[in-house]
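Student:
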Amino acid sequence: MEHALEAGADAIVMDVRDHVATALRDVAAGETIRYKTGGREGSVVVAEPVAFGHKIAIAAVAAGGEVRKYGEVIGRAVTAIEAGRHVHVHNIEGIRGRGDQAGAAAGTGGGKA
Amino acid sequence: MREPEGQASGQAAADQTESGQAAASQAADQAAASQAAPAIMGYRRENGDIGIRNHLLIIPTVICSNQVCSRIAQLVPGAVAVPHPHGCSQIGADKDRTFSVLAGTGANPNVGAVLIVSLGCEVVDPQQLADAIRVTGKPVEWFDIQSVGGSVKAIEHGAKLARQLQAGLMRLRQEPVPLSKLKVGVKCGGSDATSGLASNPALGAAADRLIREGGTVVIGETTEIIGAEHVLAERCPDAAVRERLYAIVGRFEREVERMGADMRGGNPSPGNIAGGLSTIEEKSLGCISKCGTSPILGVTEYAEPLPEGGLYFMDSPGNDIECVSGMAAAGAHIVCFTTGRGTPTGSAVVPVIKITGNGRTFSLMEDNMDVDVSPMLDGSLDVEAAGERIWQEIVEVADGKLTKAEILGHQEFSINRIGPSL
Numbered sequence: 001m002e003h004a005l006e007a008g009a010d011a012i013v014m015d016v017r018d019h020v021a022t023a024l025r026d027v028a029a030g031e032t033i034r035y036k037t038g039g040r041e042g043s044v045v046v047a048e049p050v051a052f053g054h055k056i057a058i059a060a061v062a063a064g065g066e067v068r069k070y071g072e073v074i075g076r077a078v079t080a081i082e083a084g085r086h087v088h089v090h091n092i093e094g095i096r097g098r099g100d101q102a103g104a105a106a107g108t109g110g111g112k113a
Numbered sequence: 001m002r003e004p005e006g007q008a009s010g011q012a013a014a015d016q017t018e019s020g021q022a023a024a025s026q027a028a029d030q031a032a033a034s035q036a037a038p039a040i041m042g043y044r045r046e047n048g049d050i051g052i053r054n055h056l057l058i059i060p061t062v063i064c065s066n067q068v069c070s071r072i073a074q075l076v077p078g079a080v081a082v083p084h085p086h087g088c089s090q091i092g093a094d095k096d097r098t099f100s101v102l103a104g105t106g107a108n109p110n111v112g113a114v115l116i117v118s119l120g121c122e123v124v125d126p127q128q129l130a131d132a133i134r135v136t137g138k139p140v141e142w143f144d145i146q147s148v149g150g151s152v153k154a155i156e157h158g159a160k161l162a163r164q165l166q167a168g169l170m171r172l173r174q175e176p177v178p179l180s181k182l183k184v185g186v187k188c189g190g191s192d193a194t195s196g197l198a199s200n201p202a203l204g205a206a207a208d209r210l211i212r213e214g215g216t217v218v219i220g221e222t223t224e225i226i227g228a229e230h231v232l233a234e235r236c237p238d239a240a241v242r243e244r245l246y247a248i249v250g251r252f253e254r255e256v257e258r259m260g261a262d263m264r265g266g267n268p269s270p271g272n273i274a275g276g277l278s279t280i281e282e283k284s285l286g287c288i289s290k291c292g293t294s295p296i297l298g299v300t301e302y303a304e305p306l307p308e309g310g311l312y313f314m315d316s317p318g319n320d321i322e323c324v325s326g327m328a329a330a331g332a333h334i335v336c337f338t339t340g341r342g343t344p345t346g347s348a349v350v351p352v353i354k355i356t357g358n359g360r361t362f363s364l365m366e367d368n369m370d371v372d373v374s375p376m377l378d379g380s381l382d383v384e385a386a387g388e389r390i391w392q393e394i395v396e397v398a399d400g401k402l403t404k405a406e407i408l409g410h411q412e413f414s415i416n417r418i419g420p421s422l
């Protein structure tokens, strides 16, 4: 990880490959937030309120596309996500530990009440 | 009780008084501890282990002995009981796991003497358990409730034995011991987004420091490296260790698939999700930085005794109490525990140091928090300085300073189970 936390930053991007920034304060809809990625300054207009610690898309992700944070895949988009959107459980899902999908796909998941 | 972390962490020695073990000479020892080759005051055990606490442990072999054990502990100040719901109706590896956690907890170097209370008909054999702990050379006594004639007589008999053991422990004297003997568990619980941004990388820096001093670090939580195992696997110099790491993650993931459920909601938990973590992969990638950057020398079983020196991965659940109890049973002296949401978790035999990168949580739950690294988020504290803050806390706690969990009497204990109740 190449990130460095800077005084006064609104959000942090952990790796230059990331699609998301993490809000370092509560952010209101319509605010422009600034962050650094790969040594460059970036900014995005936030489309909706995003709470401290939550993620904001800094790049568009197509439906089904992989979403990166820490330079690694943290899940996939379940709908198209535009830059500035709150990225969370409503629009991305985990790929790993998905017993629900393993059961549905193979019909042998078992354990269902 | 104690000063919050100040800017001059090197002067923390002056604050060291409330442990009950403090002596005038400790100030000098603490000053020495901030030098290159630190030493702390500890208890030298017969088998060469060093203890940083001197507990009298009361172990029930089985749930049926819990109440008697708790009563005995109430009658003998300084004694700590570890009630648990297991010890009977168990077979095979599940029974062995309960036994190894009880034996390991008794053998932990922070424990100076042990009293085992059996019911008399359970599957965990009290004589075998006593023998397994006596290997360390520490005094161990046991009896069963059925033979002494019921709860009241058992409490009386147990309290007499416990008082004798406690009297022996009071005669032990601390002596300077090297910090290189220290084994520290790293754990996170009640995570939020600040865990991956601040407290975990800071703890990683402290973990690297301990390993440079010759100490031992153990990380666990197999469920919480799902999605990040490839990053850790790159740090296993031995191919067999790498394969074992992938194998234990695969086993946990298959278990989740067998249950036909999405991990999300269980892990990440509802609190993790409220804190901004969306998937297990995201949580895992934030988790792994807490063990620092050293090579992973081995993958150990839950509660398996830790080797000396370097970084190890213990196959364990992410569940806070089960993981901390497994680390204690493996011989850890201290567990460093990062949290974003805040948690009061302690342990029966090891000090648990609570570290947060969430300034709101530190303010709200200062009763439970030991180290605040939240200034990392506004850029006023870098990861090295935050790691040094945690390292200083480790040294002071090893030298006798009580953690918030100890002051509040948090003595959580839980054994991971892998089989059905018969």
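Chains as they are written, first to last, in our numbering: chain E, 1 to 113; chain U, 1 to 422. Where is the CB? At the ideal position from N, CA and C, for every residue including glycine.
My understanding is that I189(U) touches T345(U), with C-beta atoms under 8 angstroms, so please give their C-beta distance in whole angstroms.
Tutor: Translated into the one-based positions of the second sequence, residue 189(U) becomes position 189. Translated into the one-based positions of the second sequence, residue 345(U) becomes position 345. Residue 189(U) is actually Gly in this sequence, not Ile. Rounded to the nearest angstrom, the Cβ distance from G189(U) to T345(U) is 7 angstroms, consistent with a contact under 8 angstroms.
Student: DSSP state of M41(U), grouped into three classes?
Tutor: As a working note, residue 41(U) is residue 41 in the second sequence. Note: M41(U) maps to strand in three-state DSSP.
Student: Should E384(U) be labelled buried (16 or more other beta-carbon atoms within 10 Å of its own) or exposed?
Tutor: Indexing the second sequence from 1 puts residue 384(U) at position 384. Its Cβ having fewer than 16 others within 10 Å, E384(U) is exposed.
Student: Taking the alpha helix (DSSP H) that D378(U) falls in, what are its first and last residues?
Tutor: On the second sequence, position 378 is the one that residue 378(U) refers to. Careful: D378(U) lies outside any alpha helix (DSSP H) and carries neither H nor E.
Student: Using a Cβ-Cβ cut-off of less than 7 angstroms, list which residues of the region 237-259 of chain U approach chain E; keep chain order.
Tutor: E253, V256, E257, R258, M259
Student: Report the three-state DSSP secondary structure of E141(U) (helix, strand or coil).
Tutor: Indexing the second sequence from 1 puts residue 141(U) at position 141. Strand at E141(U).
Student: Measuring CA to CA, which of G419(U), N358(U), L75(U) is closest to K160(U)?
Tutor: Taking the first residue of the second sequence as position 1, residue 160(U) is located at position 160. When only C-alpha atoms are compared, the closest one is L75(U).
Student: For H54(E), which residues from the same chain have a beta carbon less than 7 angstroms from its beta carbon, with the 5 sequence-adjacent residues on both sides left out?
Tutor: On the first sequence, residue 54(E) is found 54 positions in, with the first residue counted as 1. These residues qualify, in order along the chain: A23, H86, H88.
Student: Count the other C-beta atoms from every protein chain shown that fall within 10 angstroms of the C-beta of D49(U), then say buried if there are 16 or more, exposed otherwise.
Tutor: For the purposes of this step, residue 49(U) is taken as the residue at position 49 of the second sequence. D49(U) comes out buried.
Student: If D399(U) sits next to R98(E), beta carbons under 8 angstroms apart, how far is it from one beta carbon to the other, in whole angstroms?
Tutor: Position 399 of the second sequence holds residue 399(U). Position 98 of the first sequence holds residue 98(E). D399(U) to R98(E), Cβ: 47 angstroms. No contact.
Student: Give the interface partners of M263(U) over in chain E, defined as CB-CB distance under 7 angstroms, in chain order.
Tutor: In the second sequence, the residue the question calls residue 263(U) occupies position 263. Here the neighbours are G94, G97.
Student: Ordered along the chain, which non-local residues of its own chain (more than five positions away) have a Cβ less than 7 angstroms from that of L203(U)?
Tutor: As a first step, residue 203(U) must be located in the second sequence, where it is residue number 203. For L203(U), where only same-chain residues beyond five positions count, the Cβ hits under 7 angstroms are V186, K290, C336, T338, I355, I390.
Student: Check whether the Cβ atoms of I92(E) and A80(E) lie closer than 8 angstroms to each other.
Tutor: Translated into positions along the first sequence, residue 92(E) becomes position 92. Translated into positions along the first sequence, residue 80(E) becomes position 80. No; because the gap between Cβ atoms is not below 8 angstroms, this pair is not in contact.
Student: Step through the CB atoms of chain E and report whether any lies within less than 8 angstroms of the CB of E424(U).
Tutor: Residue coverage of chain U in this structure runs from 1 to 422, which leaves residue 424(U) outside it and unanswerable.
Student: In its own chain, which residues sit with a C-beta less than 6 angstroms from the C-beta of W142(U), not counting the 5 before and 5 after it?
Tutor: Taking the second sequence and counting its residues from 1, the one referred to as residue 142(U) is at position 142. Around W142(U): I116, P126, A130.
Student: Mapping the DSSP letters down to three states, classify E412(U) as helix, strand or coil.
Tutor: The count along the second sequence starts at 1 and reaches residue 412(U) at position 412. Coil at E412(U), not helix or strand.
Student: Examine chain E for any beta-carbon lying closer than 8 angstroms to the beta-carbon of M369(U), and answer yes or no.
Tutor: One-based indexing of the second sequence puts residue 369(U) at position 369. It does not: the Cβ of M369(U) has no partner Cβ on chain E nearer than 8 angstroms.
Student: Using 8 angstroms as the limit for Cβ to Cβ distance, is T279(U) near chain E?
Tutor: Here residue 279(U) refers to the residue found at position 279 of the second sequence. It does: the Cβ of T279(U) has a partner Cβ on chain E nearer than 8 angstroms.
Student: Report the residue ranges of all alpha helix (DSSP H) runs contained in full by the region 194-232 of chain U; include only those spanning at least 4 residues, in chain order.
Tutor: 200-212
Student: Note down, in chain order, every chain E residue with its Cβ under 7 angstroms from the Cβ of I116(U).
Tutor: As a position in the second sequence, residue 116(U) is number 116, starting the count at 1. Per Cβ cutoff of 7 angstroms: no residues; I116(U) is ~38 angstroms from chain E at best.
Student: Hey, S426(U) and S147(U): beta-carbon distance below 8 angstroms or not?
Tutor: Residue 426(U) is absent from the model: chain U starts at 1 and stops at 422.
Student: State whether the region 172-184 of chain U contacts the region 206-224 of chain U, with contact taken as three or more CB pairs (one from each stretch) at a distance under 8 angstroms.
Tutor: yes
Student: How far does the alpha helix (DSSP H) with M314(U) in it reach, from first residue to last?
Tutor: Residue 314(U) sits at position 314 when you count from the first residue of the second sequence. Note, M314(U): premise wrong, no alpha helix (DSSP H); beta strand (DSSP E) at 310-314.
Student: Is the CB of K55(E) under 8 angstroms away from at least one CB in chain U?
Tutor: Sequence index remark: in the first sequence, residue 55(E) carries index 55 (1-based). Cβ-Cβ to chain U under 8 angstroms: yes for K55(E).
Student: With burial defined as no fewer than 16 other Cβ atoms inside 10 Å of the residue's Cβ, what is the status of N427(U): buried or exposed?
Tutor: Outside the modelled stretch of chain U, which goes from 1 to 422, sits residue 427(U), for which no answer is possible.
Student: Tell me where the beta strand (DSSP E) around K187(U) begins and ends.
Tutor: For the purposes of this step, residue 187(U) is taken as the residue at position 187 of the second sequence. Element bounds for K187(U): 183-188.
Student: Less than 8 angstroms between CB atoms is the rule here; does G379(U) satisfy it with respect to chain C?
Tutor: The structure shown contains no chain C; the protein chains it does contain are E and U.
Student: Pull up the distance between the alpha-carbon of I58(U) and that of A57(E), whole angstroms please.
Tutor: What you label residue 58(U) is simply residue 58 of the second sequence in a count that begins at 1. What you label residue 57(E) is simply residue 57 of the first sequence in a count that begins at 1. Cα-Cα distance, rounded: 53 angstroms.
Student: With a cut-off of 8 angstroms, does the C-beta of H19(E) fall near any C-beta of chain U?
Tutor: Here residue 19(E) refers to the residue found at position 19 when the first sequence is read from its first residue. H19(E) does not count as touching chain U.
Student: At least one CB of chain E closer than 8 angstroms to the CB of T194(U): is that the case?
Tutor: Within the second sequence, numbered from 1, the residue matching residue 194(U) stands at position 194. At least one chain E Cβ lies under 8 angstroms of T194(U).
Student: For T300(U), report the span of its alpha helix (DSSP H) as first-last.
Tutor: Taking the second sequence and counting its residues from 1, the one referred to as residue 300(U) is at position 300. T300(U) -> not in any alpha helix (DSSP H); beta strand (DSSP E) instead, spanning 296-300.
Student: Within this structure, are the beta carbons of G309(U) and G409(U) separated by less than 8 angstroms?
Tutor: The sequence position of residue 309(U) within the second sequence is 309, counting from 1. The sequence position of residue 409(U) within the second sequence is 409, counting from 1. Not closer than 8 angstroms, so no.
Student: Of the residues S374(U), Y312(U), M327(U), which one's Cα is nearest the Cα of G340(U)?
Tutor: As a first step, residue 340(U) is located in the second sequence; it is residue number 340 there, counting from the start. The shortest C-alpha separation from G340(U) is found at S374(U).
Student: Which residues in the same chain as L364(U) place their Cβ atom closer than 7 angstroms to its Cβ, once the five residues preceding and following it in sequence are excluded?
Tutor: Residue 364(U) sits at position 364 when you count from the first residue of the second sequence. Here the set comprises G342.
Student: Contact check, I353(U) vs V397(U) under 8 angstroms by CB: the rounded distance?
Tutor: Taking the second sequence and counting its residues from 1, one reaches residue 353(U) at position 353. Taking the second sequence and counting its residues from 1, one reaches residue 397(U) at position 397. At roughly 6 angstroms, the Cβ-Cβ gap stays under 8 angstroms, so I353(U) and V397(U) are in contact.
Student: Grab me the residues of G112(U)'s own chain with a C-beta within less than 7 angstroms of its C-beta, minus the 5 sequence neighbours each way, in chain order.
Tutor: Residue mapping note: residue 112(U) aligns to position 112 of the second sequence, counting from 1. Contacts found: Y43, G51, N54, H55, L56, K138, L169, L172.
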